[in-house]
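Below you'll find the structure, written out as structure tokens, and then a few comments.
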Amino acid sequence: MGLIKEFKEFAVKGNAFDLAVGVIIGAAFGKIVSSIVTDLLMPPIGLLFGGVNFADLKIILKQAVIDNSGKVISSPVSINIGNFIQVSVDFIIIAFVLFLVIKGMNRFLKKKEEEKPPFKVEPPRQEVLLEEIRDILKEKK
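Going by this note's numbering, 86 is the number at position 49 of the sequence shown; the sequence numbering is gapless.
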């Protein structure tokens, strides 16, 4: 029963909900970045490199086997370099944006900590009186 109770506390505290929201937003953000890279960034970059379509960049290890009627018997085996390049650019953009977000959050949290006045605890009244008595006795000597 202890494990179930501990899990309930974990789930109710909001940690699981925060994690779920983060995963969902992260997945949506990843799709947006993938679209930006695939649809907006890679075509002009490919144009700069002589009209290369990165999605078509492959190293063919084994050609497709096609019979006389045009039916594919076995698919080609290839290393998809273009796809790797696009995924790498996706990762770099996502990592950079997350870096900026975390840097901004840290700056914001640091400012909040600086704005917070230091918490000063007043000593009990008896200690204050004893200190005053001590100081008066020192002055008399």
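For each residue, glycine too, the CB sits at the ideal point set by N, CA and C.
Secondary structure at residue i, three-state DSSP: helix, strand or coil?
i	result
residue 99	strand
residue 109	strand
residue 158	coil
residue 89	coil
Please report the straight-line C-alpha distance between residue i and residue j, rounded to a whole angstrom.
i	j	result
residue 145	residue 55	20 Å
residue 41	residue 97	53 Å
residue 108	residue 100	14 Å
residue 112	residue 130	33 Å
residue 74	residue 104	38 Å
residue 85	residue 110	37 Å
residue 39	residue 61	30 Å
residue 65	residue 122	21 Å
residue 72	residue 81	14 Å
residue 23	residue 90	A query on residue 23 cannot be resolved here, the shown segment of the chain reaching from 38 to 178 and no further.
Measuring alpha carbon to alpha carbon, tell me which residue in the options is nearest residue i.
i	options	result
residue 115	134, 126 and 92	92
residue 124	173, 78 and 53	78
residue 59	135, 126 and 170	135
Can you find the residues in the same chain that come closer than 7 Å, C-beta to C-beta, to residue i, ignoring five residues on each side of it along the sequence?
i	result
residue 118	94, 95 and 96
Got a sec? Which residues, its chain only, sit under 8 Å from residue i by beta carbon, not counting five neighbours each side?
i	result
residue 126	74, 78 and 79
residue 156	none
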